[in-house]
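Chemist: Next up is a structure, given as structure tokens.
Residue numbers (the numbering used here): 8 to 275.
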């Protein structure tokens with residue numbers, strides 16, 4: 008699910024592009040798709056509410072977005088072998104498809120699945136040495152895990168490119184698109200001046216908010232958070248999230264979803 012700290016900024020921008028829709032936050036920060044696959048404290052990301060919630064929303068004018076993966080493939084999950092026995096990246100990507108199918112039974116018809124960003128570029132997973140923080144406070148082979156994470160992310164994204172169209176064949180009247188978060192964050196990394204606009208030197212390898220290995224003693228490296236691609240060692244910055252919102256709102260995938268709905272309405 009989209010991290011809760013970023014939902015507001017993402018959907019506030021979408022609000023200006025999709026005829027002023029309302030935004031609803033059903034994200035769970037820090038959640039995995041399913042605790043049965045990659046167990047984590049707290050509620051899983053799959054929505055726990057039932058069909059009554061969806062009766063309040065028009066399925067033709069409501070888009071449901073899922074951004075899952077960071078907590079499923081990273082430390083304390085697939086990357087470090089902490090998943091349930093037998094679980095692989097295939098199970099994790101299928102869980103996201105199950106989310107779409109579950110939402111469909113509640114009445115949802117329009118979906119965006121945001122694929123995984125290049126997590127190997129996130130400071131907590133990057134090869135470049137960095138002080139240990141609370142996301143991964145134990146010394147480890149950074150190069151080895153960085154390569155493994157690249158493989159997990161790219162494999163998972165490739166699976167979604169196949170799984171989403173296949174799922175739509177079983178969901179009459181539904182439309183969906185895969186948003187290329189991986190490509191967007193690769194572009195930000197390679198061309199930061201086109202995306203970041205802070206007053207300090209632009210920074211795609213470091214991060215704005217630092218802490219000690221237990222998450223305490225938080226401090227900010229300067230007063231320019233919009234100069235950074237990452238807010239902390241793991242999470243994108245607010246400026247990066249603004250671009251996620253803008254790109255989703257103007258993406259070809261979104262336009263295809265809208266066109267699909269228009270076609271269905273015209274046939275009635």
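From the three backbone atoms N, C-alpha and C, an ideal C-beta is built for every residue, glycine too. Model, not experiment: these values are computed from the prediction.
Hey, would you say residue 117 sits closer than 8 Å to residue 255, going by beta carbons?
Modeler: Counting from one through the chain shown, the residue named residue 117 turns up at place 110. Counting from one through the chain shown, the residue named residue 255 turns up at place 248. No, they are not a contact pair.
Chemist: So what's residue 96 in DSSP terms, helix, strand or just coil?
Modeler: Indexing the chain shown from 1 puts residue 96 at position 89. Note: residue 96 maps to helix in three-state DSSP.
Chemist: Give the secondary structure of residue 251 by DSSP, where H, G and I count as helix, E and B as strand, and everything else as coil.
Modeler: Counting from one through the chain shown, the residue named residue 251 turns up at place 244. Three-state result, residue 251: helix.
Chemist: For residue 88, tell me which candidate among 44, 131 and 127 has the shortest Cα-Cα distance.
Modeler: The sequence position of residue 88 within the chain shown is 81, counting from 1. Checking every option, the nearest Cα to that of residue 88 belongs to 44.
Chemist: From the DSSP output, in three-state form, read off residue 264 for me.
Modeler: Your numbering for residue 264 matches position 257 in the chain shown. In this structure, residue 264 counts as helix in the three-state DSSP scheme.
Chemist: Is the stretch 151-161 in contact with the stretch 210-226, if contact means three or more CB pairs nearer than 8 Å?
Modeler: Flag = no, the stretch 151-161 and the stretch 210-226 do not touch.
Chemist: By the 10 Å Cβ neighbour count, where 16 or more other Cβ atoms means buried, how is residue 79 classified, buried or exposed?
Modeler: Here residue 79 corresponds to residue number 72 of the chain shown, with the count starting at 1. That one is buried.
Chemist: Short check: CB of residue 72 to CB of residue 108, under 8 Å?
Modeler: Here the question's residue 72 lines up with position 65 in the chain shown. Here the question's residue 108 lines up with position 101 in the chain shown. Contact: no.
Chemist: Could you tell me whether the Cβ atoms of residue 166 and residue 97 are closer together than 8 Å?
Modeler: Counted from its first residue, the chain shown places residue 166 at position 159. Counted from its first residue, the chain shown places residue 97 at position 90. For residue 166 and residue 97, yes; Cβs fall inside 8 Å.
Chemist: In angstroms, rounded to a whole number, what distance separates the CA positions of residue 135 and residue 180?
Modeler: Stepping through the chain shown from its first residue, residue 135 is reached at position 128. Stepping through the chain shown from its first residue, residue 180 is reached at position 173. Each residue's alpha carbon lies about 47 Å from the other.
Chemist: Would you list, in sequence order, the uninterrupted alpha helix (DSSP H) runs of no fewer than 4 residues that lie entirely inside the stretch 120-203?
Modeler: Qualifying alpha helix (DSSP H) stretches, in chain order: 149-175 and 188-197.
Chemist: Find the nearest neighbour of residue 74 within the set 38, 177 and 65, judged by alpha-carbon distance.
Modeler: Counting from 1 along the chain shown, the entry for residue 74 is found at position 67. Comparing Cα-Cα distances from residue 74 to each of 38, 177 and 65, the minimum goes to 38.
Chemist: Put residue 105 into one of helix, strand or coil per three-state DSSP.
Modeler: Translated into the one-based positions of the chain shown, residue 105 becomes position 98. Reduced to three states, the DSSP call for residue 105 is helix.
Chemist: Quick one: grab the DSSP three-state call for residue 215.
Modeler: Taking the first residue of the chain shown as 1, we reach residue 215 at position 208. Three-state DSSP puts residue 215 in coil, outside helix and strand.
Chemist: Quick one, which of 76, 133, 124 and 114 has its alpha-carbon nearest residue 148's?
Modeler: By 1-based counting over the chain shown, the position of residue 148 is 141. Of the candidates 76, 133, 124 and 114, the one whose C-alpha sits nearest the C-alpha of residue 148 is 133.
Chemist: Quick check: the Cα distance between residue 124 and residue 202, rounded to an integer number of angstroms?
Modeler: In the chain shown, residue 124 corresponds to position 117, counting from 1. In the chain shown, residue 202 corresponds to position 195, counting from 1. One C-alpha to the other measures close to 16 Å.
Chemist: What is the DSSP secondary structure of residue 78, reduced to helix, strand or coil?
Modeler: One-based indexing of the chain shown puts residue 78 at position 71. Reduced to three states, the DSSP call for residue 78 is helix.
Chemist: For residue 256, which three-state DSSP category applies?
Modeler: As a working note, residue 256 is residue 249 in the chain shown. Helix, per DSSP.
Chemist: Please return the same chain residues whose Cβ sits closer than 6 Å to the Cβ of residue 257, not counting the five positions on each side in sequence.
Modeler: Working through the chain shown from its first residue, we reach residue 257 at position 250. Result list for residue 257: empty, nothing under 6 Å.
Chemist: Identify, in the order they occur along the chain, each residue of the same chain with its Cβ nearer than 7 Å to the Cβ of residue 162, setting aside the five sequence neighbours on each side.
Modeler: Your numbering for residue 162 matches position 155 in the chain shown. If we look at residue 162 and ignore the five residues flanking it on each side, its Cβ neighbours are 96.
Chemist: Does DSSP classify residue 72 as helix, strand or coil?
Modeler: Sequence index remark: in the chain shown, residue 72 carries index 65 (1-based). Reduced to three states, the DSSP call for residue 72 is strand.
Chemist: If residue 237 and residue 130 are in contact, beta carbons under 8 Å, what's the gap, nearest whole angstrom?
Modeler: As a working note, residue 237 is residue 230 in the chain shown. As a working note, residue 130 is residue 123 in the chain shown. The Cβ separation is near 6 Å, so the contact holds.
Chemist: Going by DSSP in three states, residue 232 sits in which element: helix, strand or coil?
Modeler: Within the chain shown, the letter at position 225 stands for residue 232. Residue state, collapsed to three classes: helix.
Chemist: DSSP three-state label for residue 279, please.
Modeler: No statement about residue 279 is possible, as the shown extent of the chain runs from 8 to 275 and does not include it.
Chemist: Cα separation between residue 191 and residue 197?
Modeler: Locating residue 191 in the chain shown gives position 184, counting from the first residue. Locating residue 197 in the chain shown gives position 190, counting from the first residue. Spanning the two alpha carbons is a distance of roughly 10 Å.
Chemist: Buried or exposed for residue 261, please, with buried defined as at least 16 other CB atoms from any protein chain shown within 10 angstroms of its CB.
Modeler: Locating residue 261 in the chain shown gives position 254, where the first residue counts as 1. Its Cβ being crowded by 16 or more others within 10 Å, residue 261 is buried.
Chemist: Beta carbon of residue 206, beta carbon of residue 234: below 8 Å?
Modeler: Looking up residue 206 in the chain shown gives position 199. Looking up residue 234 in the chain shown gives position 227. A contact, by the Cβ cut-off of 8 Å.
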